[in-house]
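>
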Amino acid sequence: MCVIEPTPVIETRRLVLRAPGMSDLERLAALANDADIARMTLRMPHPYAVTDAEAFLHNVQVQDPRRSATFLIEHEDLGPVGVIGLFEDGDPMPETGYWIGRPFWGRGFATEALEGALVWASRQWKRRALVAGHFADNPASGRVLEKAGFLYTGETRRAFSRSRNAMTDTRRMVWLA
Numbered sequence: 045m046c047v048i049e050p051t052p053v054i055e056t057r058r059l060v061l062r063a064p065g066m067s068d069l070e071r072l073a074a075l076a077n078d079a080d081i082a083r084m085t086l087r088m089p090h091p092y093a094v095t096d097a098e099a100f101l102h103n104v105q106v107q108d109p110r111r112s113a114t115f116l117i118e119h120e121d122l123g124p125v126g127v128i129g130l131f132e133d134g135d136p137m138p139e140t141g142y143w144i145g146r147p148f149w150g151r152g153f154a155t156e157a158l159e160g161a162l163v164w165a166s167r168q169w170k171r172r173a174l175v176a177g178h179f180a181d182n183p184a185s186g187r188v189l190e191k192a193g194f195l196y197t198g199e200t201r202r203a204f205s206r207s208r209n210a211m212t213d214t215r216r217m218v219w220l221a
């Protein structure tokens, strides 16, 4: 039987992926309170207040580590830059999702964090496949997923985006260990 540590730490070349804590509350709220970030996610509200960050932290603290893992993405010099999560949802395989704060876009942090999380998922979480999706109007996220080894399935799903308050086309991808 595989024992999953409740707050794993993953280290990559420039990043540490760790459990978010109350000390990250203000930074999370500040980074996440960006309409251009929220509109590319399903669950994130906009505006994103400190109370939203508190609710997020509470949900992370009570998640089942056998079914979900949520990491704060922290740069060695810049501090927290985003969040990445892996979770079991309605699909047969766990799903991953992530966001990076606007000041840190275009620096490869999402790809590096995703690659680190995938290694952890296969070695420690014992997952052999994960799925992900990106909105059809967010090709940059698709490139991140491709760089990390995800392949398009050919499926597009309609899903409700909380910040857009609308159904949105989501292009589905899969990663196989």
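The sequence shown begins at 45 in this note's numbering and counts up by one. For each residue, glycine too, the CB sits at the ideal point set by N, CA and C.
1. In terms of residues, what are the limits of the beta strand (DSSP E) holding V53?
2. Touching or not, the stretch 144-158 and the stretch 85-105, by the rule of three or more beta carbon pairs under 8 Å?
3. What are the start and end residues of the beta strand (DSSP E) that includes I100?
4. Buried or exposed, going by whether 16 or more other CB atoms sit within 10 Å of the CB of E118?
5. Between the Cα of Y92 and the Cα atoms of A79, M66, S166 and T214, which residue gives the shortest distance?
6. Measuring CB to CB, does W164 end up less than 8 Å from P52?
7. In three-state terms, what does DSSP make of G152?
8. Keeping to the same chain, check which residues put their C-beta closer than 6 Å to that of L220; ignore five residues upstream and five downstream.
9. DSSP three-state label for L139, please.
10. Tell me, which residues are paired with A203 by DSSP?
11. Measuring straight from C-alpha to C-alpha, what distance separates M45 and W169?
12. Alpha carbon to alpha carbon, how far is Y196 from A82?
13. Between M137 and the rest of its own chain, which residues show a CB-CB distance below 8 Å, the 5 nearest in sequence each way excluded?
14. Under DSSP, the alpha helix (DSSP H) around S185 begins and ends at which residues?
In short, the structure shows the following:
1. Taken as a continuous stretch (DSSP letters only), V53 belongs to no beta strand (DSSP E), as it is neither H nor E.
2. no
3. Contrary to the premise, residue 100 reads as Phe rather than Ile in this sequence. In this chain, F100 is not harboured by any beta strand (DSSP E); it is covered by the alpha helix (DSSP H) spanning V94 to V106.
4. By the 10 Å Cβ count, E118 comes out buried.
5. Of A79, M66, S166 and T214, the residue nearest in Cα terms is A79.
6. yes
7. coil
8. A173
9. With the sequence shown as reference, residue 139 is identified as Glu, and Leu is not the correct amino acid for it. It is a strand residue.
10. Partner(s): T212.
11. The predicted position of M45 is uncertain, since its pLDDT is 45 and thus under 50; a value taken from the coordinates is nonetheless stated next. Their Cα atoms are separated by approximately 11 Å.
12. Roughly 23 Å separates the two Cα atoms.
13. R171, A173, L174, V175 and V218
14. P183 to K191
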